[in-house]
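2 protein chains.
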Amino acid sequence: MAPNNADKKETFTFAARASVEQVEEGSDLAPKFDADGLMPCVTTDAATGHVLMLGYMNSDALELTIETGEAHYWSRSRACLWHKGATSGLFQRVVEMRVDDDQDALWLRVQVDGSGASCHVGYRSCFYRSVPLGHTDRIGLQLKFEEVTKLFDPTDVYEGLPNPTRL
Amino acid sequence: MAPNNADKKETFTFAARASVEQVEEGSDLAPKFDADGLMPCVTTDAATGHVLMLGYMNSDALELTIETGEAHYWSRSRACLWHKGATSGLFQRVVEMRVDDDQDALWLRVQVDGSGASCHVGYRSCFYRSVPLGHTDRIGLQLKFEEVTKLFDPTDVYEGLPNPTRL
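One line per chain: the protein sequences are A and B, in this order.
Using our numbering, read the first sequence as starting at 3 and increasing by one per residue.
Using our numbering, read the second sequence as starting at 3 and increasing by one per residue.
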């Protein structure tokens, strides 16, 4: 870890979770990370409200996002801190950050640099396919592409890097 | 499990995850549940794009949501299938369901019945507080209430039921 991160850790401590009332009705940021030290983060386009991605933050990613106003996550597939856009240039500028009632989930409203894409496949949103409703079994259930044009070519941007999708 | 659920399980099987290309670029619904059998689901207001909640679905909840067009989740705190609105009457009607690139997260766009609230604390959204940006330590960092009026009184609606928030 870089020395500046080590320095930062000495001063940036989140509030301890003391009571349900404090967590739900108070003004302390008292986040709850899961057994892996992570919490999920929904990221939406600040202009359209479309969900761009669902990422995960550890405490370092949360601190860095608060400090810098640029989205940082924990990459589960690469097991490293992830400054979104560091490879692609598609940084996410945080317009607003919110936390949920029990403080185990985050919501970022962002503006994305460059092409505006947030998905490693090349689409604007990771949620580029819809699931049809009303089916009572899998017969005929086919995902529908709601985005049809990739905003960048992932084979160029991520040349030589492994695909993060795990089966 | 109710007999009709047992019947349903015989026919509703999701696609097996065979390749990254199938999962990312295909039309099969091949969801990936975590070690607890769950996947996160972002739920937004179909009209405003505001994030209402972040819930979790197991395979039964996903099947029932697809079949009925009403949001079903798995309640982690109560450890049971959860037809959202069954207690409060605040059912979530699914306008659109989407799945993300690696199919380990869902996005529901919904219309909420009644008062329109989705948060057990009484607010419209579970994300009723914002986190200020630009802080380099916790001094002075205070959450700000972005919703100030509860849409219902949780002590009435959930009378006698335990609060789901865990410390």
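We put the beta carbon where it would ideally sit given N, CA and C, even for glycine.
Just so we're clear, the structure is a prediction, and the values are computed from it rather than from any experiment.
Confirm, please, whether the CB-CB distance from residue j to residue i is below 8 Å.
| i | j | result |
| --- | --- | --- |
| V123(B) | A73(B) | no |
| L31(B) | V44(B) | no |
| G136(B) | G71(A) | yes |
| R140(B) | F154(A) | no |
| R95(B) | E148(A) | no |
| F35(A) | N60(A) | yes |
| S77(A) | P164(A) | no |
| S132(A) | E98(B) | yes |
Could you name the residues of the same chain whose beta carbon sits closer than 6 Å to that of residue i, not counting the 5 residues immediately before and after it, in chain order?
| i | result |
| --- | --- |
| E26(A) | D103 |
| F14(A) | E65 |
| G91(B) | G116 |
| D106(B) | K34, M41 |
| G39(B) | N60 |
| V159(B) | S90 |
| A146(B) | The residue you asked about is not Ala; residue 146(B) is Lys in the sequence shown. So the qualifying residues of the chain are S132. |
| P5(B) | Its pLDDT being 42, under 50, P5(B) is placed unreliably by the model, and nothing is read from it. |
Taking only three categories from DSSP, how would you classify residue i?
| i | result |
| --- | --- |
| S29(B) | coil |
| P166(A) | coil |
| E149(B) | coil |
| P42(B) | strand |
| V133(A) | coil |
| E98(A) | strand |
| L143(A) | coil |
| S61(B) | helix |
| D47(A) | strand |
| V22(B) | helix |
| V53(B) | strand |
| E72(A) | strand |
| L110(A) | strand |
| L92(A) | coil |
Beta-carbon within less than 8 Å of residue i's beta-carbon, same chain only, minus the 5 sequence neighbours each way: which residues are those?
| i | result |
| --- | --- |
| R168(B) | S79 |
| Q144(B) | P134 |
| T46(A) | H52, V53, L54, W109, L110, R111, V112 |
| T1(A) | Here chain A has residues from 3 to 169 only, and residue 1(A) is not among them. |
Using a Cβ-Cβ distance cut-off of 8 Å, determine whether residue i contacts chain B.
| i | result |
| --- | --- |
| E149(A) | no |
| L66(A) | no |
| R95(A) | no |
| Q157(A) | At residue 157(A) the sequence reads Thr, which differs from the Gln that was named. Answer no: the Cβ-Cβ gap between T157(A) and chain B never drops below 8 Å. |
| W109(A) | yes |
| G136(A) | yes |
| C128(A) | yes |
| G162(A) | no |
| S132(A) | yes |
| K16(A) | Looking at the sequence shown, residue 16(A) is not Lys but Phe. Yes, F16(A) counts as interfacial toward chain B. |
| L153(A) | no |
| H122(A) | yes |
| M99(A) | yes |
Output yes if chain A places a C-beta closer than 8 Å to the C-beta of residue i; else output no.
| i | result |
| --- | --- |
| S29(B) | yes |
| L169(B) | yes |
| Q144(B) | yes |
| T50(B) | yes |
| C82(B) | no |
Tell me whether residue i counts as near the ligand ADP, meaning its Cβ is closer than 7 Å to at least one heavy atom of that ligand.
| i | result |
| --- | --- |
| P33(B) | Ligands displayed in this structure: none; no statement on the ligand ADP is therefore possible. |
With a CB to CB cut of under 7 Å and the five nearest residues on each side skipped, what residues in its chain are close to residue i?
| i | result |
| --- | --- |
| P156(A) | H122, V123, G124 |
| Q24(B) | D30, A32 |
- Check whether the segment 75-91 of chain B touches the segment 111-122 of chain A, taking contact to mean three or more Cβ pairs, one atom from each stretch, closer than 8 Å. Contact fails: fewer than three Cβ-Cβ distances are below 8 Å.
- Decide if the segment 46-61 of chain A is in contact with the segment 124-140 of chain A; the criterion is three or more beta carbon pairs, one per stretch, under 8 Å apart. The segment 46-61 of chain A is in contact with the segment 124-140 of chain A.
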